Amino acid sequence: MFRFSCIFLIFFTPTHAKTNEMYGEITHQCVLDIVQKFSLVKQDTVVDLGSGNGNACFYFSPFVEKCIGYEIVHERYQKSIENNNTTNTEFYWKDFTTLDTIEASVLFTHSTMFDKHLLQNASDLIHRSPTIRIVFSQKALPNMGNRERFYCKFSWSGHVNTEIYVYRPHEEL
Ligand SMILES: C[S@@+](CC[C@H](N)C(=O)[O-])C[C@H]1O[C@@H](n2cnc3c(N)ncnc32)[C@H](O)[C@@H]1O
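Residue numbers (my numbering): 886 to 1058.
Next comes the structure, spelled out in structure tokens:
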């Protein structure tokens, strides 16, 4: 019986469980609301830190010049490139904490599962990247100054609106 249980577990453990991370996505409607409320334009470049299967970039791509996603889990990165039917979206299999700087005007991160070190890394990266005019983060980022409040739905939040933290990190410069 024990042997049977082990075999069952090996074959039926979902692949995402191997990464020991929860996976969730922004909804299409939420991206449409962001684009409209914060006036994203065709000249914008969006970067998604932790791009997963790529859906956030696919939703942003019709409204902006380019969307770039960085994802650390290879199978998700692989899915994002397989699903990419756009001409203005690029994905990289990369740990974003290894980036020196980012050349984008808009930064999005669905940071729900980021620990405080990862949040600090994201914040440091944003501070090193002067072209970023607006940041959308599912979790509060340290040392980012005042935030604006914005609410919308994520794949896991059902009918409940979830807060997105909105920052304008270089506005005072
Ligand atoms: C909740 S998913 C978001 C997917 C997508 N951005 C969306 O909203 O639809 C967060 C992703 O961040 C990735 N991630 C976590 N740490 C990372 C790191 N240091 N560098 C790149 N990606 C990371 C996870 O593997 C996961 O796929």
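In this text, a Cβ means the ideal position worked out from N, Cα and C, and glycines have one as well.
If you're wondering where the values come from, they're calculated on a predicted model, not measured in any experiment.
Quiz item: If we count the other Cβ atoms within 10 Å of its Cβ and call it buried at 16 or more, is L1026 buried or exposed?
Solution: buried
Exercise. Would you list, in sequence order, the uninterrupted alpha helix (DSSP H) runs of no fewer than 4 residues that lie entirely inside the stretch 954 to 987?
Key: Here the runs fully enclosed are 959 to 967.
Quiz item: Within 8 Å: the Cβ of T982 and any heavy atom of ligand 1?
Solution: Yes - ligand 1 has a heavy atom lying nearer than 8 Å to the Cβ of T982.
Quiz item: What does L992 pair with, by DSSP beta-bridge criteria?
Solution: DSSP output for L992 lists V932, V1020 as bridge partner(s).
Exercise. Would you check whether ligand 1 has a heavy atom nearer than 8 Å to the C-beta of Y1050?
Key: no
Quiz item: In whole angstroms, what separates the C-alpha of K979 from that of Q914?
Solution: 27 Å
Quiz item: Which class does F944 belong to by DSSP, given the choice of helix, strand or coil?
Solution: Note on identity: in this sequence residue 944 is Tyr, with Phe being the wrong assignment. Here Y944 sits in helix by DSSP.
Exercise. Look at the Cβ atom of G939, then the Cβ atom of N969, and state whether they are nearer than 9 Å.
Key: yes
Practice problem: Output the distance between the C-alpha atoms of R1053 and L1003, rounded to the nearest integer angstrom. | Solution: When rounded, the distance between both Cα atoms is 19 Å.
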